[in-house]
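Worksheet for the structure shown next.
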Amino acid sequence: MLSMPHLKIKLNGEEVGGWLAELSTGFPTDEFRLLATQLRDEGALVTLEVQTPDGGDIIQEFETTPEVANVEVLHADSQVVLLQFLTRRSKVYDPLYESGCISIYPTLLQNGWFSVHVAAGHDSLANYLEELTAAEVPYQVISLSQSHETATILTNRQQQFIETAIEQGFYDDPKTCTLTELAETLNIHKSAASRLRHRTECRLITHFATETAR
Numbered sequence: 035m036l037s038m039p040h041l042k043i044k045l046n047g048e049e050v051g052g053w054l055a056e057l058s059t060g061f062p063t064d065e066f067r068l069l070a071t072q073l074r075d076e077g078a079l080v081t082l083e084v085q086t087p088d089g090g091d092i093i094q095e096f097e098t099t100p101e102v103a104n105v106e107v108l109h110a111d112s113q114v115v116l117l118q119f120l121t122r123r124s125k126v127y128d129p130l131y132e133s134g135c136i137s138i139y140p141t142l143l144q145n146g147w148f149s150v151h152v153a154a155g156h157d158s159l160a161n162y163l164e165e166l167t168a169a170e171v172p173y174q175v176i177s178l179s180q181s182h183e184t185a186t187i188l189t190n191r192q193q194q195f196i197e198t199a200i201e202q203g204f205y206d207d208p209k210t211c212t213l214t215e216l217a218e219t220l221n222i223h224k225s226a227a228s229r230l231r232h233r234t235e236c237r238l239i240t241h242f243a244t245e246t247a248r
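Heads up: take any position in the sequence shown, counting from 1, add 34, and you land on our numbering.
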């Protein structure tokens, strides 16, 4: 059985006015760990763990935040606070919901940035990135783990190219790495990088287009 591709991505929640992301910037060294999110008619039921030495301040923030209701402190000590609360869906979460991708918890949040790990088919992953772009949510692709299927259709050199391109930000929106910079990282000429990119993308696109048509 073929495994599903896994995408790891960072999202700037503060940039789009996400209340939880903005709250986290007040505690920039603390790690917020979203353990579960259950959608309900009145919003979402969230289970959140915060690794923090300022548990009392964290609890007070949640109890006084207008976007939160029914706050329940499940655990609190000198290092960790575990909370459960109701809140509305956020602009950061909507693209995930609309694309049908599966979020693999925990989702980490630190100083305004979410680190999201999702698994889905290639079409759903593409839809997820399109939804993020449409919602104007800034993001950075951290990694894309290839399925067994992808590994069989790319050469080792093509596999290295696509993994390096993702790591360096060549496929980010906006790009954080040019083809010239990518060629330097791969220690090849820009023209060779261009040809390698063309062969790699053509092989992937042709393969997945053929699979979709079946």
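Heads up, the beta-carbon is just placed ideally off N, CA and C, and yes, glycines get one too.
Taking a C-beta distance under 8 Å as the contact criterion, H156 and I138 do not qualify as a contact pair.
Residue range 156–168 is occupied by the alpha helix (DSSP H) that includes L166. Considered as a whole, the segment 198–224 harbours 213–220 as its complete alpha helix (DSSP H) runs of no fewer than 4 residues, in chain order.
Under the three-state reduction of DSSP, I136 is assigned to strand. Its chain contains E83, L108, H109 as the residues whose beta carbon lies nearer than 7 Å to that of L116, once the 5 sequence neighbours on both sides are disregarded; these appear in chain order.
In the three-state DSSP reduction, V171 falls in the coil class, being neither helix nor strand.
Per DSSP, Q118 is one residue of the beta strand (DSSP E) stretching across 114–121.
Around the beta carbon of L230, 16 or more other beta carbons lie within 10 angstroms, which makes this residue buried.
S149 places its beta carbon less than 8 Å from that of L142.
Between V50 and V171, the C-beta spacing is below 8 Å.
Judged by DSSP secondary structure, G90 falls outside any beta strand (DSSP E) and instead within the alpha helix (DSSP H) spanning 89–98.
Just so you know, the alpha carbons of Q94 and R233 end up roughly 55 Å apart. Per DSSP, E49 lies in no alpha helix (DSSP H) and is assigned neither H nor E. Minimum Cα-Cα distance from A103 among the listed residues Q113, Q118, S124, Y131 corresponds to Q118. When secondary structure is reduced to three states using DSSP, F195 falls in the helix class. For the pair V114 and Q144, the CB atoms are not nearer than the 8 Å cut-off.
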